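Novice: Heads up, the sequence shown is in my numbering, so the first residue is 34 and it goes up one at a time. We put the beta carbon where it would ideally sit given N, CA and C, even for glycine. Being a predicted model, the structure only gives us computed values, none of them experimental.
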Amino acid sequence: MRIPFIAGNWKMFKTRAEAQAFAEEFKQLYKDTDVKTAICAPYTDLATLVEIFKDTKIGVGAQNVHFEEEGAFTGEISVGMLQDIGVDYCIVGHSERRQYFAETDETVNKKTKKLLANDIVPIVCVGECLEEREAGKAKEVVETQLRNGLVAISNEDAIKIVVAYEPVWAIGTGKTATPEQAEEMCEFIRDVLTDIFGEDVADEIVIQYGGSVKPANATEIMNMTNIDGALVGGASLKPQDFVNIIDF
Ligand code: PGA
């Protein structure tokens, strides 16, 4: 049985004081449910969130990590540093990182393996851009991202991964994929995962949809068979909106 998992992605928003104010309000509004939840925040907010959420079931995630243990990599953050703070999750391969920061399927693979080896759950993002969808290449693009991003990962580890399907044309645009479009791709993702890891493992892997998820559309998206959760950008910045999405 896959447990629904709804994660927020704050991107480059919120100072420490803003994160603290959010967390205190969110903690009050949050009702303990069967839905797993986490906030993926900027590095500078992580310790604040871990501290405030320590006696709750609300998880904390980072939005990126370096794949090396440590070393001369100015500006980077290691898995050990995230572990030390008490981070539970880390987004890998978000389309904004692929687009603006030269993230490739190869670095996604290295980061994913490093996180798994250190007990942090990777949220691996895949998704096509508008041009690719219009050219009829959406599935091909997503399949390549999955196969290359998840190469040489054991079945035992694969079960722990979260895959987030985020069509680039639906991110921050207010343009959501229809629930049917999202389901069609998430079903395809599960087929590819089945081919890589076998049915038993693929059946356990949580697949999120992301792209303009908000309280008004969360229910219909979450009702789809192969969609087990959501990765929420803009609507995760306001405690009440995010709670309403978790309460779908
Ligand atoms: P959005 O972002 O919900 O603001 O569209 C989603 C994401 O980029 O993870």
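What does the alpha-carbon distance come out to for the pair ASP228 and ARG49?
Specialist: Locating residue 228 in the sequence shown gives position 195, counting from the first residue. Locating residue 49 in the sequence shown gives position 16, counting from the first residue. Spanning the two alpha carbons is a distance of roughly 43 Å.
Novice: Mapping DSSP to helix, strand and coil, what is PRO212?
Specialist: Here the question's residue 212 lines up with position 179 in the sequence shown. In this structure, PRO212 counts as helix in the three-state DSSP scheme.
Novice: Any heavy atom of ligand 1 closer than 7 Å to the beta-carbon of VAL159?
Specialist: Taking the sequence shown and counting its residues from 1, the one referred to as residue 159 is at position 126. Checking every heavy atom of ligand 1 against the Cβ of VAL159, none is found closer than 7 Å.
Novice: Report the rounded CA-to-CA distance for ILE118 versus LEU79, giving the unit in angstroms.
Specialist: The residue given as residue 118 occupies position 85 in the sequence shown. The residue given as residue 79 occupies position 46 in the sequence shown. Distance between the alpha carbons of ILE118 and LEU79 is about 7 Å.
Novice: For my contact list, ILE124 and GLY92 are in at a C-beta cut-off of 8 Å; report their separation, rounded to the angstrom.
Specialist: Position 91 of the sequence shown, counted from the first residue, corresponds to residue 124. Position 59 of the sequence shown, counted from the first residue, corresponds to residue 92. With a Cβ gap of about 12 Å, ILE124 and GLY92 do not count as contacting.
Novice: With a 10 Å radius around its C-beta and 16 neighbouring C-beta atoms as the bar for buried, classify THR77 as buried or exposed.
Specialist: The residue given as residue 77 occupies position 44 in the sequence shown. Per the 10 Å Cβ criterion, exposed.
Novice: Taking the runs of the beta strand (DSSP E) that are 3 residues or longer, which of them lie wholly in the segment 166 to 201?
Specialist: DSSP runs (the beta strand (DSSP E)) wholly in the segment 166 to 201: 195 to 198.
Novice: Please indicate yes or no: does the CB of VAL265 lie closer than 7 Å to some heavy atom of ligand 1?
Specialist: As a first step, residue 265 must be located in the sequence shown, where it is residue number 232. Under cutoff, so the answer is yes.
Novice: CA-CA distance, THR107 and GLU164?
Specialist: Numbered from its first residue, the sequence shown carries residue 107 at position 74. Numbered from its first residue, the sequence shown carries residue 164 at position 131. So the two alpha carbons sit approximately 35 Å from each other.
Novice: If you measure from the CB of ASN42, is any heavy atom of ligand 1 nearer than 7 Å?
Specialist: Counting from one through the sequence shown, the residue named residue 42 turns up at place 9. Checking the Cβ of ASN42 against ligand 1 gives yes.
Novice: Extract the residue ranges of the beta strand (DSSP E) inside the segment 78 to 112, only unbroken runs of 3 or more that lie entirely within it.
Specialist: For the segment 78 to 112, whole beta strand (DSSP E) runs of length 3 or above, ordered along the chain, are 91 to 95.
Novice: What distance in whole Å lies between the Cβ atoms of ASP65 and LYS90, which are believed to be in contact at a cut-off of 8 Å?
Specialist: In the sequence shown, counting from the first residue as 1, residue 90 sits at position 57. In the sequence shown, counting from the first residue as 1, residue 65 sits at position 32. At roughly 6 Å, the Cβ-Cβ gap stays under 8 Å, so LYS90 and ASP65 are in contact.
Novice: Can you give the beta carbon distance from GLY41 to ILE85, rounded, assuming they're within the 8 Å contact cut?
Specialist: Position 8 of the sequence shown holds residue 41. Position 52 of the sequence shown holds residue 85. Not really, about 14 Å apart at Cβ, beyond 8 Å.
Novice: Would you kindly check if the distance between the Cβ of GLY205 and the Cβ of GLY266 is under 8 Å?
Specialist: Along the sequence shown, read from residue 1 onward, the residue named residue 266 stands at position 233. Along the sequence shown, read from residue 1 onward, the residue named residue 205 stands at position 172. Contact flag set, yes.
Novice: Mind pulling the beta strand (DSSP E) runs of 3 or more residues that sit fully within the segment 39 to 84?
Specialist: With a minimum length of 3 residues, the continuous beta strand (DSSP E) runs that stay inside the segment 39 to 84 are 69 to 73.
Novice: Evaluate THR140 with the Cβ neighbour count: other Cβ atoms within 10 Å of its Cβ, from every protein chain shown; 16 or more gives buried, anything less gives exposed.
Specialist: Along the sequence shown, one-based indexing puts residue 140 at 107. When all chains shown are included, THR140 counts as buried.
Novice: What span of residues does the alpha helix (DSSP H) with ALA251 cover, start to end?
Specialist: Taking the first residue of the sequence shown as 1, we reach residue 251 at position 218. Its alpha helix (DSSP H) spans residues 248 to 255.
Novice: Just checking my contact of CYS162 with GLY126 at CB under 8 Å: how many whole Å lie between their CB atoms?
Specialist: Within the sequence shown, the letter at position 129 stands for residue 162. Within the sequence shown, the letter at position 93 stands for residue 126. Not confirmed; about 14 Å, so no contact.
Novice: So, is GLY160 buried or exposed, given that buried needs 16 or more other C-beta atoms within 10 angstroms?
Specialist: Here residue 160 refers to the residue found at position 127 of the sequence shown. By the 10 Å Cβ count, GLY160 comes out buried.
Novice: Going by alpha carbons, who is nearest to THR236 out of ALA268, VAL195, LYS247, ALA203?
Specialist: Counting from 1 along the sequence shown, the entry for residue 236 is found at position 203. Checking the displayed sequence, the identity of residue 236 turns out to be Asp instead of Thr. Among ALA268, VAL195, LYS247, ALA203, the Cα nearest to that of ASP236 belongs to VAL195.
Novice: Please name the residue in MET218, ASP224, THR211, THR81 whose C-alpha comes closest to that of ALA251.
Specialist: On the sequence shown, position 218 is the one that residue 251 refers to. Ranking the options by Cα distance to ALA251, first place goes to THR211.
Novice: Starting from ILE240, trace the alpha helix (DSSP H) both ways and give me its first and last residue.
Specialist: Residue 240 sits at position 207 when you count from the first residue of the sequence shown. Run containing ILE240: none in the alpha helix (DSSP H); it sits in the beta strand (DSSP E), 239 to 243.
Novice: Answer with buried or exposed for THR258, where buried requires no fewer than 16 other C-beta atoms within 10 angstroms of its C-beta.
Specialist: Mapped onto the sequence shown, residue 258 falls at position 225. So THR258 ends up on the exposed side.
Novice: For LEU149, which of ALA54, LYS170, ASP280, SER187 has the nearest alpha-carbon?
Specialist: Taking the sequence shown and counting its residues from 1, one reaches residue 149 at position 116. Comparing Cα-Cα distances from LEU149 to each of ALA54, LYS170, ASP280, SER187, the minimum goes to SER187.
Novice: By how many angstroms is the C-alpha of VAL246 removed from the C-alpha of VAL276?
Specialist: If you number the sequence shown from 1, residue 276 lands on position 243. If you number the sequence shown from 1, residue 246 lands on position 213. Straight-line Cα distance between these residues: approximately 13 Å.
Novice: Buried or exposed for PHE55, going by 16 or more other Cβ atoms inside 10 Å?
Specialist: Locating residue 55 in the sequence shown gives position 22, counting from the first residue. Classification of PHE55: buried, given that the 10 Å Cβ count is 16 or more.
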